[in-house]
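What follows is a single structure, written as structure tokens, with notes after it.
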Amino acid sequence: MSWFTQTLTSSIGKKLLMALTGLFLITFLVIHAGINAMIFYNDGGETFTHWGHFMGTNPIIRTLEIGLVAGFLIHIVDGLMLWKTNAAARPIGYKVSNPSANSTWYSRSMGLLGTLLLIFLVIHTAHFWIPNRSNQFATGEELNLYQMMLDIFQNPLVVLIYVLGCISLFWHLLHGFKSAFQTMGWNHIKYNGLVSFIGTAYSIVIPLLFALMPISIYFGWVS
Amino acid sequence: MATSSSLDAKIPQGPIETKWSKYKSSVPLVNPANKRNLEIIVVGTGLAGASAAATLAELGYKVKAFCFQDSPRRAHSIAAQGGINAAKNYQNDGDSIYRLFYDTIKGGDYRAREGNVHRLAEVSGNIIDQCVAAGVPFAREYGGLLSNRSFGGTQVQRTFYAAGQTGQQLLLGAYSGLQRQVGMGTVQMYNRHEMLDVVNIDGKCRGIIARNLITGELERHGGHAVLLCTGGYGNVFYLSTNAMGSNVTAAWKAHKKGAFFGNPCFTQIHPTCIPVSGEHQSKLTLMSESLRNDGRIWVPKAKNDTRPGNEIPENERDYYLERRYPAFGNLVPRDIASRAAKERCDAGYGVGTSKLAVFLDFAAAVDRYGHGEANKNNIANPSKEDIITWGKAVVKEKYGNLFDMYKQITGEDPYEVPMRIYPAVHYTMGGLWVDYNLMTTVPGLYALGEANFSDHGANRLGASALMQGLADGYFVIPYTIGSYLAKEIGTGKIPTDHEAFVQTEKEVKDRIDKLVSIQGKTSPELFHRRLGQIMWDKCGMARNAQGLKEAIVEIRALREEFWRDVKVMGTTTEFNPELDKAGRVADFIELGELMCIDALTREESCGGHFREEHQTEEGEALRDDENFMFVSAWEHKSIENWELHKEELIYDNIKIAQRSYK
Amino acid sequence: MSAGNMHIKLKVWRQSNTNKGGFEDYSLDGVSPDMSFLEMFDVLNEQLIEAGTEPVAFDHDCREGICGACSMYINGRPHGPLRGVTTCQLHMRSFNDGDTIVVEPWRAEAFPVIKDLVVDRDAFDRVIAAGGFISVNTGNAQDANSLPIPKEAADDAFSAAACIGCGACVAACKNASAMLFVSAKISQLALLPQGQAERSIRAEKMVAQMDAEGFGACTNTGACSAECPKEISMVNIARMNREYIGAKISSTAV
Chain E
1 MSWFTQTLTS SIGKKLLMAL TGLFLITFLV IHAGINAMIF YNDGGETFTH
51 WGHFMGTNPI IRTLEIGLVA GFLIHIVDGL MLWKTNAAAR PIGYKVSNPS
101 ANSTWYSRSM GLLGTLLLIF LVIHTAHFWI PNRSNQFATG EELNLYQMML
151 DIFQNPLVVL IYVLGCISLF WHLLHGFKSA FQTMGWNHIK YNGLVSFIGT
201 AYSIVIPLLF ALMPISIYFG WVS
Chain D
1 MATSSSLDAK IPQGPIETKW SKYKSSVPLV NPANKRNLEI IVVGTGLAGA
51 SAAATLAELG YKVKAFCFQD SPRRAHSIAA QGGINAAKNY QNDGDSIYRL
101 FYDTIKGGDY RAREGNVHRL AEVSGNIIDQ CVAAGVPFAR EYGGLLSNRS
151 FGGTQVQRTF YAAGQTGQQL LLGAYSGLQR QVGMGTVQMY NRHEMLDVVN
201 IDGKCRGIIA RNLITGELER HGGHAVLLCT GGYGNVFYLS TNAMGSNVTA
251 AWKAHKKGAF FGNPCFTQIH PTCIPVSGEH QSKLTLMSES LRNDGRIWVP
301 KAKNDTRPGN EIPENERDYY LERRYPAFGN LVPRDIASRA AKERCDAGYG
351 VGTSKLAVFL DFAAAVDRYG HGEANKNNIA NPSKEDIITW GKAVVKEKYG
401 NLFDMYKQIT GEDPYEVPMR IYPAVHYTMG GLWVDYNLMT TVPGLYALGE
451 ANFSDHGANR LGASALMQGL ADGYFVIPYT IGSYLAKEIG TGKIPTDHEA
501 FVQTEKEVKD RIDKLVSIQG KTSPELFHRR LGQIMWDKCG MARNAQGLKE
551 AIVEIRALRE EFWRDVKVMG TTTEFNPELD KAGRVADFIE LGELMCIDAL
601 TREESCGGHF REEHQTEEGE ALRDDENFMF VSAWEHKSIE NWELHKEELI
651 YDNIKIAQRS YK
Chain W
1 MSAGNMHIKL KVWRQSNTNK GGFEDYSLDG VSPDMSFLEM FDVLNEQLIE
51 AGTEPVAFDH DCREGICGAC SMYINGRPHG PLRGVTTCQL HMRSFNDGDT
101 IVVEPWRAEA FPVIKDLVVD RDAFDRVIAA GGFISVNTGN AQDANSLPIP
151 KEAADDAFSA AACIGCGACV AACKNASAML FVSAKISQLA LLPQGQAERS
201 IRAEKMVAQM DAEGFGACTN TGACSAECPK EISMVNIARM NREYIGAKIS
251 STAV
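Protein chains in written order, with the UniProt record's numbering: chain E, 1 to 223; chain D, 1 to 662; chain W, 1 to 254.
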């Protein structure tokens with residue numbers, strides 16, 4: 001094994017990959033949330049569509065999108081691999097355990113939250129990204145994503161799934177953000193407060209913003 | 001009991017200052033190619049064992065190391081708290097090799113060997129250098145240099161420390177050196193293995209029989225030399241500050257195979273331990289001697305004063321150590337502090353529910369440090385509360401872990417009320433008799449650290465045990481073993497199918513089978529407790545002829561009962577701590593008898609050995625240099641039968657005097 | 001010398017060569033609040049011996065919280081309910097009369113059970129043997145004060161070196177990860193000037209050995225540090241991560 005694969009397949013290397021891809025996905029979420037929030041202009045989707053068109057057609061962005069897909073895939077596959085190693089590290093569990101005495105439930109449930117998010121991701125991309133990109137591929141034309149949103153979010157079940165997805169995202173980020181910094185070795189008495197504050201704020205603001213979208217559309221606040 | 005001619009300690013000729021350096025430059029050497037063919041067995045992995053095993057492996061010998069614990073890092077050296085002495089004179093307070101030498105001989109009440117102690121003082125500085133280089137995080141001053149504190153029996157600050165965990169840090173340092181050799185394959189480590197006998201061939205020690213404690217299998221291991229670094233035997237008293245597993249078995253087996261036992265009755269009772277709280281108590285916990293740097297020891301002036309310590313006014317307190325020993329005060333040596341505590345409690349001034357305790361009080365230190373902090377931070381007229389808060393913070397930094405431990409064990413907060421303390425068995429100065437080379441009376445069999453008798457006379461000074469363990473392992477044995485092994489280069493590999501191995505293994509097996517076959521009614525634990533009671537009552541802090549004679553009779557009866565009525569659960573072919581314990585208790589019983597015989601024979605008081613018949617009018621120990629300035633080395637003849645050999649002690653460099661700390 | 005009056009029910013994991021293990025129920029009277037948890041086990045064992053059953057095997061030695069031998073998982077937590085305390089220093093006053101206490105061995109692939117509550121922790125020794133040392137042969141050292149070390153570095157190194165190697169971190173971690181243990185040693189030596197020469201190779205080798213032993217990875221839940229009887233900080237794990245990644249990027253070992 002070369003030093004490079006050796007590093008990335010070590011326990012710390014795998015964690016580092018999780019942290020780096022996680023932070024990359026976190027930056028993606030800022031852009032994703034920012035552009036989608038354009039619907040709150042409530043201008044019939046004009047601003048949103050303008051930026052959506054930019055994101056969907058700009059060659060630089062389209063190239064970066066490959067990285068984004070890779071980021072997701074690495075985060076998911078690496079996460080599953082970690083899950084497997086970690087499960088193997090304790091083949092026989094405790095009969096009585098009291099983990100809440102020493103850690104938060106969501107920090108222990110990153111795999112579960114991640115799996116929920118993966119399911120949500122499949123549903124979500126099936127709703128928007130896949131149809132749009134396949135249409136672009138087939139015809140060169142983009143779909144009217146704004147109209148699609150208005151249609152899809154009429155279904156209360158879909159809205160519920162999206163809200164649940166956002167809640168999972170909140171817990172996942174609440175631990176993941178800080179955890180990524182710790183994994184990269186960023187643990188310093190001077191800056192821990194800042195990381196913690198930004199992490200918590202981010203984990204609240206981004207999922208909340210996302211959750212408000214289907215809710216607003218469903219209740220007709222945005223049309 | 002018979003007595004015979006004197007023993008030769010093989011101390012090099014010449015002036016004391018040059019004995020060791022001359023020895024080192026003239027001792028025979030073994031060339032590297034021959035070292036590879038010489039095997040050394042090291043039993044025990046505490047400070048002495050781990051440092052010896054690592055150093056000998058570095059030199060190129062093939063080393064096998066054994067410990068009964070699950071890892072060499074758990075050896076009981078780890079529990080030493082206060083510190084390690086070294087004559088570095090970093091504090092510029094007048095320390096020197098000679099002073100450390102002198103303090104140790106005097107502290108040992110003139111019953112230690114000059115040549116060994118001077119060598120110990122000489123290498124003490126190298127130990128600190130070595131440990132620092134190995135990454136031991138000693139306490140430091142703001143300038144980055146090493147910090148020192150003071151210990152009992154000295155008037156200089158020569159004790160190096162790492163909070164209250166010095167033993168832990170030193171042991172982990174030695175352990176990491178050992179693991180480095182294990183990783184390189186030069187040391188083969190056998191943990192969860194207990195040595196159950198030594199094997200002698202043609203009068204030389206050629207190996208050991210060890211038991212794999214997980215499988216119960218007996219194993220033969222051959223070696224050109226065997227080093228016993230197996231610690232002391234304080235657990236003969238059942239309650240002591242030793243670890244639960246600490247035992248005399250290895251040393252005792254060696255004794256029965258020809259190694260003389262030196263000064264078995266010299267036991268150190270440590271003055272500052274947490275008092276016994278109940279009948280189920282399994283061990284006693286030490287509160288480091290370093291606490292006596294800042295803590296003041298006292299009892300109420302009135303008998304049966306039941307008020308909490310902090311409510312007894314200053315003028316109703318008797319700071320008896322400061323009163324009796326103004327020059328050394330609370331920092332008198334351990335034997336003196338212990339006896340003084342016992343004297344007060346026996347006289348009816350003890351505190352706590354058992355009345356077997358005295359106070360160790362930090363209120364004065366808190367006040368002093370509080371004012372110091374105020375001065376440091378330029379605060380004029382600080383409030384009393386602030387002083388106390390700051391003072392407590394300083395005390396916490398110095399002794400925090402000890403205070404926490406006290407609170408955890410007793411349920412009382414020592415920052416608020418004075419600690420209650422009482423003496424407890426802590427260390428044994430006695431051990432296998434060794435010569436200057438650290439070799440026992442069996443050629444090829446060595447004893448290092450607490451397992452030997454050599455350096456502390458009748459009383460050990462605080463912070464000297466760590467020093468001796470590492471001196472023996474790092475700096476003494478690597479030289480002295482050469483003088484023996486240089487003659488062994490032609491021996492070849494030791495054959496473990498030799499008749500002696502077969503025979504010894506059979507003896508060991510028979511004894512184990514006997515233990516499990518008795519199936520009586522009493523657990524080994526209960527026998528141990530009964531032995532401890534006899535020893536503490538009659539061979540403890542104070543001894544007299546009457547009591548010792550009774551003890552010998554009682555112990556013999558206990559031994560007989562043990563072999564008739566012990567109940568060992570489980571089988572011999574599995575992990576069986578009860579069986580391990582039974583074997584150890586059986587050896588403790590035999591040792592207890594010898595300790596009483598030795599104490600009875602030594603018709604004087606010296607250091608930790610206090611015979612009530614021999615004391616001054618003020619109750620101080622009264623030595624008899626005329627008749628007892630010798631080391632008692634006992635040869636085992638048969639059951640209940642020992643022969644006394646004497647090693648005369650010669651003091652060329654130190655003037656013998658009555659020990660005074662007044 | 002008051003005999004205690006607490007009544008305690010115990011569920012203890014029993015396992016041997018011949019059986020795969022399960023819980024046994026025991027009942028104890030006359031437990032004193034001043035007894036340590038292990039002394040309570042001594043009483044239990046005396047009772048079992050008297051009744052002709054095999055006593056419970058458990059690791060213990062110093063009984064003053066420093067050797068790291070004791071290792072019980074008590075009511076779902078390593079070393080029981082208190083923070084910063086080993087099993088041997090846990091006292092019965094931390095429990096209530098009538099309590100049921102469940103005791104299990106450490107659980108990890110790297111810590112196989114030997115018997116009852118006794119596990120094999122050799123994996124820790126092998127991790128140290130892989131690089132947890134400074135390679136200095138005896139006799140090579142310079143004068144101890146020729147190398148001033150800032151007090152802060154010395155204090156931080158000491159805090160990391162306070163680890164007793166008991167394995168509570170592994171037992172507490174949902175992934176049975178040994179990163180707190182390993183990082184404590186890497187940190188201690190990385191913080192000290194003496195440790196610089198082997199800094200990179202040490203991090204690389206110790207982490208490799210840790211992985212080979214079958215310990216899990218770190219999820220940064222903080223359970224290890226919260227349960228550590230010596231309260232070793234998670235800062236050490238972050239430092240180990242830096243040391244390891246830095247070593248991998250910069251070292252010339254390919």
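Virtual Cβ for every residue (Gly too), placed ideally from N, Cα, C.
Just so we're clear, the structure is a prediction, and the values are computed from it rather than from any experiment.
Tell me the rounded alpha-carbon separation between D:THR267 and W:HIS79.
34 Å
Beta bridge counterpart(s) of D:ARG140 as assigned by DSSP
D:LEU146
D:ILE78 and W:CYS67 - do their beta-carbons sit closer together than 9 Å?
yes
Where D:ASP455 falls: helix, strand or coil (DSSP):
coil
Does any residue of chain W bring its CB to less than 9 Å from the CB of E:SER103?
yes
Contact defined as beta carbons within less than 8 Å: I believe D:GLN179 pairs with W:ASP61. What is the distance between those atoms, to the nearest angstrom?
About 19 Å separates the two Cβ atoms, so there is no contact after all.
Where does E:SER100 fall in DSSP's three states?
helix
For the alpha helix (DSSP H) holding W:ASP42, just list the boundary residues, first then last.
37 to 50
DSSP puts D:HIS636 in a beta bridge; with which residues?
D:TRP642
Segment limits, beta strand (DSSP E) that includes W:ASN241:
Not the beta strand (DSSP E): W:ASN241 falls in the alpha helix (DSSP H), residues 235 to 250.
Opposing strand residues paired with D:GLU39 [DSSP bridges]
D:LYS62
Among the residues of its own chain, which have a CB less than 6 Å from the CB of D:TRP390, if the five just before and after it don't count?
GLY370, GLU373
Inter-residue Cα distance where the pair is D:ALA50 and D:ALA586
27 Å
Proximal residues to D:ALA106 (C-beta, below 7 Å), its chain only, five neighbours per side dropped:
Reading off the sequence shown, one finds Lys at residue 106 of chain D, where the question assumed Ala. Correct list, in chain order: ARG659.
According to DSSP, which residues form a beta bridge with D:VAL226?
D:ILE41, D:LEU445
Closest by CA to D:ALA557, which one among D:GLY540, D:ALA542, D:GLU590?
D:GLU590
Cβ of E:TYR94 within 9 Å of any chain W Cβ:
yes
The segment 118 to 138 of chain E / the segment 92 to 110 of chain E touching (three or more Cβ pairs under 8 Å):
no
Counting only beta-carbon separations shorter than 9 Å, does W:PHE158 have a partner in chain D?
yes
Any idea what DSSP makes of W:ALA162, helix, strand or coil?
coil
State yes or no: is the beta carbon of W:ILE74 nearer than 9 Å to at least one beta carbon in chain D?
no
What does D:CYS205 pair with, by DSSP beta-bridge criteria?
D:ASN200
Answer with buried or exposed for D:PRO15, where buried requires no fewer than 16 other C-beta atoms within 10 angstroms of its C-beta.
exposed
Own chain, CB closer than 7 Å to D:GLY46, minus 5 neighbours either side, in chain order
ALA75, HIS76, SER77, LEU171, CYS229, GLY231, GLY449, GLY469
What would DSSP say about D:GLU67, mapped onto helix, strand or coil?
In the sequence as presented, Glu is not what sits at residue 67 of chain D; that position holds Cys. Coil at D:CYS67, not helix or strand.
Are residue 717 of chain D and D:LEU38 close, meaning C-beta to C-beta below 9 Å?
Nothing can be reported for residue 717 of chain D, as the shown portion of chain D is limited to 1 through 662.
According to a CB-to-CB cut-off of less than 7 Å, which residues of the segment 68 to 79 of chain D neighbour chain W?
GLN69, ASP70, SER71, ARG73, ARG74, HIS76, ILE78, ALA79
Closest Cβ-Cβ distance between W:LEU117 and chain D: below 9 Å?
no
Delimiting residues of the alpha helix (DSSP H) encompassing D:ASP346
334 to 346
Taking the runs of the beta strand (DSSP E) that are 3 residues or longer, which of them lie wholly in the segment 127 to 197 of chain W?
none
Would you please state the rounded distance, in angstroms, between the beta carbons of D:ASN310 and D:VAL417? I believe it to be under 8 Å.
5 Å
By the DSSP assignment, the alpha helix (DSSP H) with E:LYS15 in it spans what residues?
11 to 36
Can the beta-carbon of D:PRO333 be found less than 9 Å from the beta-carbon of D:GLY462?
yes
Considering only DSSP beta bridges, list what W:LYS9 is partnered with.
W:SER27, W:THR100
From the beta carbon of D:ARG211, is the nearest beta carbon of chain B less than 9 Å away?
Considering every chain present, this structure includes no chain B. Its protein chains are E, D and W.
Shortest alpha-carbon distance to D:GLN155 belongs to which of D:ALA327, D:ARG211, D:SER290?
D:ALA327
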